[in-house]
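Scroll down for the structure; my scribbles are underneath it.
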DNA sequence: CTCCATTTTATCGAATGCGATTAAATCGTG
DNA sequence: CACGATTTAATCGCATTCGATAAAATGGAG
């Protein structure tokens with residue numbers, strides 16, 4: 023329990039907000055060359071890792087619901103990156119599959135992670151530790167929610 | 023330089039994105055009781071710390087531009103939290119000032135930080151270190167951008 | 001003083017992101 | 001089989017967020 027109001031810079035939530043902002047600003051121009059937005063890139067990373075997922079499963083890993091994913095996926099489908107098709111085994115669900123174009127982007131965009139790592143200008147071990155601390159924090163925050 | 027594609031969970035940017043999301047989800051119900059959104063809360067924190075700032079100065083601390091701040095501040099003005107007035111010394115700038123209602127929220131919302139700290143379920147030193155690591159990362163990312 | 005560059009905020013369109021609700025398909029129990 | 005409960009996406013409205021641009025005020029050079 024603290025006895026005074028926190029300043030903006032003292033708030034953990036603001037440091038997260040700012041770091042996320044800064045990361046987004048770094049990604050934006052790199053992704054723009056592929057006509058990708060940042061959430062669209064995350065969808066691709068998820069599909070490169072495992073293709074043919076249901077909308078709901080993508081939502082689970084990305085922590086997004088269909089109200090966000092459906093229009094996002096429709097834009098990606100319009101851009102020719104993915105296909106959306108009802109699951110024949112269960113017509114309630116929609117399966118998202120990479121197109122050739124979507125798959126091809128994996129190689130072309132591979133350099134992006136390295137650009138980010140270079141920008142972060144820290145050794146891999148340090149960044150990995152920060153990442154793991156963030157995962158643990160996220161876990162605790164979700165449990166509390 | 024890595025020789026393989028990273029999974030979603032390995033990406034530092036995604037750990038930031040997820041932690042920020044999780045934090046937002048924790049804040050949302052707490053802020054909803056005051057009819058506040060998260061960015062609106064950040065504006066209030068900034069003004070509680072120093073009232074009477076120009077739109078551009080708020081943008082500097084929050085890393086937001088007028089295209090985001092202007093509509094956000096108009097909604098806050100409509101909600102009776104702040105006042106917006108042209109600076110008589112320089113009519114280009116707009117000074118943002120807390121109303122009595124906006125000032126009063128500081129006391130009422132004081133518990134929110136503590137709810138978040140409780141949810142994070144870690145000691146203050148650990149969270150402070152994570153926060154400082156994030157600040158340093160943000161700094162490096164901004165320099166690279 | 002005039003005119004152009006600069007500063008500062010505002011506007012517009014597009015893309016998330018979320019709460020609430022709806023619609024369609026499936027499941028389960030009688 | 002029938003029918004209500006559940007699951008899964010989709011839709012709607014609102015609030016950010018950003019890139020691009022505009023508009024108004026100020027400043028500075030001549």
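Chains as they are written, first to last, in this note's numbering: chain A, 23 to 167; chain B, 23 to 167. Where is the CB? At the ideal position from N, CA and C, for every residue including glycine.
- Message: Is it buried or exposed, residue 91 (chain B), if we count other Cβ atoms within 10 angstroms and call 16 or more buried?
- Response: Residue 91 (chain B) is buried by the Cβ-count criterion.
- Task: Using a threshold of 9 angstroms, state whether the C-beta atoms of residue 58 (chain B) and residue 34 (chain A) are closer than that.
- Result: Residue 34 (chain A) sits away from residue 58 (chain B), with the two beta carbons spaced by 9 angstroms or more.
- Query: Which residues in chain A sit within 8 angstroms of residue 83 (chain B), going by Cβ to Cβ distance?
  - Reply: Ordered by position in chain A, the residues that pass the 8 angstroms Cβ test against residue 83 (chain B) are 30.
- CA nearest to the CA of residue 74 (chain A), picked from A:161, A:120, A:157 and A:129: For residue 74 (chain A), the nearest C-alpha among the options comes from A:120.
- Message: Using a Cβ-Cβ distance cut-off of 9 angstroms, determine whether residue 143 (chain A) contacts chain B.
- Response: Using a Cβ-Cβ cut-off of 9 angstroms, residue 143 (chain A) counts as an interface residue toward chain B, since at least one Cβ of chain B sits closer than that to its own.
- Cα-Cα separation between residue 82 (chain A) and residue 124 (chain A), rounded to whole angstroms: Distance between the alpha carbons of residue 82 (chain A) and residue 124 (chain A) is about 21 angstroms.
- Return yes when at least one heavy atom of the ligand MN lies under 8 angstroms from the C-beta of residue 40 (chain A), else no. As far as ligands go, the structure on display features none, and thus does not contain the ligand MN.
- Message: Quick check on residue 160 (chain A): does DSSP put it in helix, strand or coil?
- Response: Three-state DSSP puts residue 160 (chain A) in a helix.
- Inter-residue CB distance, residue 46 (chain B) and residue 63 (chain B) (contact presumed, cutoff 8 angstroms): Their Cβ separation, rounded to whole angstroms, is 11 angstroms, which puts residue 46 (chain B) and residue 63 (chain B) out of contact at 8 angstroms.
- Task: Under 8 angstroms Cβ to Cβ from residue 36 (chain B), same chain only, skipping five residues before and after it: list those, please.
- Result: The answer, listed in chain order, is 30.
- How big is the Cα-Cα spacing for residue 100 (chain B) and residue 55 (chain A)? Roughly 40 angstroms between the two C-alpha positions.
- Which residues DSSP lists as bridging residue 105 (chain B), in chain order: Per DSSP, B:119.
- Message: If we define contact as Cβ-Cβ less than 9 angstroms, is residue 62 (chain A) a contact residue for chain B?
- Response: Taking 9 angstroms as the CB threshold, residue 62 (chain A) stays off the interface with chain B.
- Query: residue 163 (chain A) versus chain B: which residues are under 8 angstroms apart at the beta carbon?
  - Reply: Per Cβ cutoff of 8 angstroms: 41, 44, 45, 47, 48, 141 and 142.
- Among residues of its own chain, excluding the 5 on either side of residue 52 (chain A), which ones have a beta-carbon nearer than 7 angstroms to its beta-carbon? Closer than 7 angstroms at the Cβ level, and outside the excluded window around residue 52 (chain A), lie 134 and 137.
- Starting from residue 114 (chain B), follow its DSSP beta bridges and name the residues at the other end. DSSP, once it has assigned bridges, lists no residue as partnering residue 114 (chain B).
- Message: Relative to the C-alpha of residue 129 (chain A), which candidate in A:40, A:27, A:38 and A:70 has its C-alpha closest?
- Response: For residue 129 (chain A), the nearest C-alpha among the options comes from A:70.
- Hey, out of A:118, A:28 and A:144, whose CA is closest to residue 72 (chain B)'s CA? Nearest to residue 72 (chain B) by C-alpha distance, out of A:118, A:28 and A:144, is A:28.
- 7 angstroms Cβ shell around residue 106 (chain A) - same chain, five flanking residues per side excluded: Closer than 7 angstroms at the Cβ level, and outside the excluded window around residue 106 (chain A), lie 95, 99, 116 and 118.
- Item | Residue burial classification, residue 146 (chain B) (beta-carbon count within 10 angstroms, cutoff 16) | Exposed is the call here.
- Query: Is it the case that the Cβ atoms of residue 142 (chain B) and residue 142 (chain A) are separated by a distance below 9 angstroms?
  - Reply: For residue 142 (chain B) and residue 142 (chain A), no; Cβs fall outside 9 angstroms.
- residue 55 (chain B) in three-state terms, based on DSSP: In this structure, residue 55 (chain B) counts as coil in the three-state DSSP scheme.
- Message: Tell me the rounded alpha-carbon separation between residue 154 (chain A) and residue 66 (chain B).
- Response: Spanning the two alpha carbons is a distance of roughly 31 angstroms.
- Item | Member of A:111, A:104 and A:109 whose CA lies at the smallest distance from the CA of residue 126 (chain A) | Nearest of A:111, A:104 and A:109 to residue 126 (chain A), Cα basis: A:104.
- Applying a beta-carbon distance threshold of less than 8 angstroms, which residues of chain A neighbour residue 167 (chain B)? Going along chain A in sequence order, the residues near residue 167 (chain B) (Cβ under 8 angstroms) are 44, 47, 48 and 141.
- 9 angstroms Cβ cutoff met for residue 85 (chain A) and residue 40 (chain B): For the 9 angstroms CB-CB criterion, residue 85 (chain A) and residue 40 (chain B) form a contact.
- Task: Show which residues of chain B have a CB atom less than 8 angstroms away from the CB atom of residue 75 (chain A).
- Result: Scanning chain B for C-beta atoms nearer than 8 angstroms to the C-beta of residue 75 (chain A) yields nothing, as the closest lies near 12 angstroms away.
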